[in-house]
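A.B. asks: Residue numbers (UniProt numbering), protein chains in the order written: chain R, 1 to 306; chain Y, 1 to 306. Just so it is clear, CB atoms sit at the ideal spot from N, CA and C, and this is done for glycine as well. The structure under discussion is supplied below as structure tokens; questions concerning it will follow.
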């Protein structure tokens with residue numbers, strides 16, 4: 001049976017592109033592997049896959065009796081059902097180390113860079129396997145997406161170098177034009193329900209025993225969301241009511257380089273604890289904050305610790 | 001403040017050599033680092049360090065306010081005190097993934113090979129840093145030690161290749177002669193107390209909520225231990241009485257390629273569950289079993305799960 005390669009729930013472009021690329025690399029290393037996803041792909045990913053000639057990975061959510069490679073996550077809450085009934089043989093990631101454990105030794109490639117795609121590019125080089133042209137294209141888009149076209153504080157020189165090299169392989173002459181095209185697809189909000197928007201890029205965390213959800217919408221201009229805010233606020237209140245302590249939704253303006261955060265919480269004081277500034281009503285402007293992973297989740301984790 | 005590089009409690013040669021080598025590599029990558037240890041080094045490690053001109057790393061056990069690189073472990077029970085009050089910036093290991101988590105992204109190099117030293121050799125190559133001659137010597141010894149001179153089931157082709165390359169750098173002409181010399185030092189039991197022998201290479205595990213200790217003594221001939229067995233049995237009973245469900249001591253004959261396991265347990269049936277064979281009295285012969293990590297700990301973890 002082929003090894004399955006899987007990213008986190010609510011797949012984004014990095015999770016999808018990484019699953020496809022790692023499955024290719026493992027297969028070429030002599031261990032047959034196939035990419036899967038834990039859910040339907042988002043519009044941005046659909047645009048990227050179509051552009052480079054891939055179809056969406058099959059949706060599979062149960063790990064029982066499977067050999068598994070985790071990409072782009074190491075948190076149980078973001079992973080497959082019954083993970084302990086499968087066997088994790090490898091992990092490729094760029095996040096904090098989560099609570100996944102294994103009974104057996106495994107292979108792990110984890111770097112503190114902006115995107116799993118950057119790690120995977122280095123792995124192809126390490127194993128002496130050529131990156132296929134179309135895989136270079138999707139990895140390139142994954143890095144542009146995760147680093148918000150190099151503007152995120154998570155972006156490193158390694159990410160920029162990987163994009164340079166992948167663009168040459170993929171034959172992409174204007175990387176930034178491709179990035180803008182992709183972000184316009186990602187930003188498209190009209191026609192989407194509030195529920196779809198909240199879960200477009202959403203993660204649940206366990207913070208000192210509290211279930212906390214953080215979603216993020218990145219737009220090229222925040223005013224695009226003006227007519228949606230009321231509906232989004234109502235939606236996160238509903239999500240919070242379903243067993244969570246708090247749900248936060250980051251509305252990130254990638255041009256202004258900051259985020260408005262909508263708040264639904266049992267205890268709003270965690271926001272001031274996390275950011276040193278009290279919210280006005282149910283939202284707060286966070287200047288310079290673009291990264292959930294590096295600028296938002298760690299602050300809340302500390303705030304919940306005390 | 002320099003980053004500290006630390007291996008597991010009850011340091012063995014892999015943990016000590018890996019801490020020294022990773023500190024060297026990180027420093028040469030421009031991030032000053034120094035090796036430390038969680039306890040006094042064992043006779044085998046003292047022999048290896050002296051042979052290649054190193055002194056034992058300083059003993060430090062508290063992680064508070066330190067930047068830390070973990071080598072050769074990812075289990076909280078095997079790591080420093082107050083680990084959550086320090087910041088883990090990297091992990092280099094070859095074991096199962098344990099319960100250490102981090103609030104921030106980090107660098108991880110974990111491979112399913114016989115020794116952390118093998119991973120570190122690849123890291124030097126990856127970063128284009130030359131392995132110093134004396135560090136090649138201690139990494140080589142670490143691999144010979146962890147793989148029981150290539151006889152352990154944990155040994156892979158990558159370990160053998162690393163030894164070949166490290167031997168050339170270190171100028172070691174007869175690798176197996178060096179290995180035998182090292183194992184004779186390791187096997188020396190006369191003059192050591194039962195307590196010293198039990199803890200020479202000992203680890204505590206959390207198995208489904210039960211604290212379980214597993215120690216291992218490797219000797220070139222099991223009969224060397226005949227006069228010690230009674231004292232060792234009494235000693236593991238004492239260690240078990242200190243809040244543990246079970247303590248097992250593997251007496252591994254590296255020439256016969258098998259282990260006699262001494263047993264102190266609240267429920268001896270876990271041994272039969274783990275190995276499909278009932279012990280005779282308080283010990284059992286396990287043919288072909290030489291690796292705690294791959295042939296013993298996983299079996300007990302499963303046995304304790306039900």
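1) Can you check whether the CB of residue 42 of chain Y is closer than 8 Å to the CB of residue 12 of chain Y?
2) Below 6 Å CB to CB, which residues in the same chain sit around residue 266 of chain Y once its five sequence neighbours on both sides are set aside?
3) Pick out the complete alpha helix (DSSP H) segments inside the region 131-202 of chain Y, 4 residues or longer, and give them in chain order.
4) Kindly confirm or deny that the region 103-114 of chain R and the region 208-218 of chain R touch, where touching means at least three C-beta pairs closer than 8 Å.
5) Check the DSSP bridge columns for residue 205 of chain R and list the partner residues they point to.
6) Of all the options R/294, R/185 and R/33, which has the alpha carbon lying nearest to the alpha carbon of residue 89 of chain R?
7) Does any residue of chain R bring its CB to less than 8 Å from the CB of residue 98 of chain Y?
8) So that I know if they touch, is there some Cβ in chain Y lying closer than 8 Å to that of residue 248 of chain R?
9) For residue 103 of chain R and residue 301 of chain Y, I'd like the C-alpha separation in whole angstroms.
10) So, are the CB atoms of residue 39 of chain Y and residue 66 of chain Y less than 8 Å apart?
11) Helix, strand or coil for residue 12 of chain R? Go by DSSP, reduced to three states.
12) State buried or exposed for residue 59 of chain Y, treating a residue as buried only when at least 16 other CB atoms are found within 10 Å of its CB.
13) Does the region 68-87 of chain Y come close enough to the region 272-288 of chain R to have 3 or more Cβ pairs within less than 8 Å?
14) Please list the partners that residue 8 of chain Y has in chain R, where partner means a Cβ-to-Cβ separation under 7 Å.
15) Helix, strand or coil: which one does DSSP assign to residue 26 of chain R?
16) Starting from residue 251 of chain Y, follow its DSSP beta bridges and name the residues at the other end.
17) Do residue 163 of chain Y and residue 135 of chain Y have their CB atoms nearer than 8 Å?
18) Please decide whether residue 26 of chain Y counts as near chain R, where near means a Cβ-Cβ distance under 8 Å.
19) For residue 58 of chain Y, name the three-state secondary structure that DSSP assigns.
20) May I ask you to list, following chain order, the residues of the region 101-112 of chain R that have a beta carbon less than 8 Å from some beta carbon of chain Y?
21) Listing by chain order, which chain R residues have their CB less than 8 Å from the CB of residue 3 of chain Y?
22) Which of the three DSSP states, helix, strand or coil, is assigned to residue 43 of chain R?
23) In whole angstroms, what is the alpha-carbon distance linking residue 7 of chain Y and residue 51 of chain R?
24) Quick check: residue 251 of chain Y and residue 282 of chain Y, are their CB atoms within less than 8 Å of each other?
25) Which residue marks the beginning of the alpha helix (DSSP H) containing residue 108 of chain Y, and which one marks its end?
26) Taking residue 328 of chain Y as the query, report the chain R residues whose CB atoms sit under 8 Å from its CB, ordered along the chain.
27) Hey, is residue 95 of chain R's beta-carbon within less than 8 Å of any beta-carbon in chain Y?
28) Do residue 169 of chain Y and residue 20 of chain Y count as a contact pair if the criterion is CB distance below 8 Å?
29) Can you confirm whether residue 279 of chain R, when its beta carbon is compared against all beta carbons of chain Y, has any partner nearer than 8 Å?
30) Only counting the same chain, and skipping five residues up and downstream in sequence, which positions put a Cβ closer than 6 Å to that of residue 62 of chain Y?
31) Residue 113 of chain Y and residue 167 of chain Y - do their beta-carbons sit closer together than 8 Å?
32) Between the Cα of residue 183 of chain Y and the Cα atoms of Y/147, Y/247 and Y/270, which residue gives the shortest distance?
33) Got a sec? Which residues, its chain only, sit under 6 Å from residue 98 of chain Y by beta carbon, not counting five neighbours each side?
34) According to a CB-to-CB cut-off of less than 9 Å, which residues of the UniProt domain "DHHA2" (179-304) of chain Y neighbour chain R?
35) Return yes when at least one heavy atom of the ligand NAD lies under 7 Å from the C-beta of residue 246 of chain Y, else no.
36) Under 7 Å Cβ to Cβ from residue 78 of chain Y, same chain only, skipping five residues before and after it: list those, please.
C.D. replies: A quick look at the data gives this:
1) yes
2) 245
3) Entirely contained in the region 131-202 of chain Y, the alpha helix (DSSP H) runs reaching 4 residues are, in chain order, 133-146, 157-170, 175-187 and 194-198.
4) no
5) R/212
6) R/33
7) yes
8) no
9) Rounded to whole angstroms, residue 103 of chain R and residue 301 of chain Y show a C-alpha spacing of 7 Å.
10) no
11) coil
12) exposed
13) no
14) Ordered by position in chain R, no residue passes the 7 Å Cβ test against residue 8 of chain Y, which lies about 15 Å from the chain.
15) helix
16) Y/217 and Y/260
17) no
18) no
19) In the three-state scheme derived from DSSP, where H, G and I count as helix and E and B as strand, residue 58 of chain Y is classed as strand.
20) 101, 102, 103, 104, 105, 106, 107, 108, 109, 110, 111 and 112
21) Correct list: empty, because the minimum Cβ distance to chain R is about 14 Å.
22) In this structure, residue 43 of chain R counts as helix in the three-state DSSP scheme.
23) 47 Å
24) In this structure, residue 282 of chain Y does not lie closer than 8 Å to residue 251 of chain Y by Cβ.
25) No alpha helix (DSSP H) holds residue 108 of chain Y; the beta strand (DSSP E) holding it covers 107-110.
26) Absent from the model: residue 328 of chain Y. The displayed extent of chain Y is 1 to 306, so no value can be given.
27) yes
28) no
29) no
30) 81 and 82
31) no
32) Here the closest residue by C-alpha is Y/147.
33) 74 and 75
34) 293, 294, 297, 298, 301 and 302
35) Questions concerning the ligand NAD fall outside what the structure shown contains, since it holds no ligand whatsoever.
36) Result list for residue 78 of chain Y: 8, 9 and 203, in chain order.
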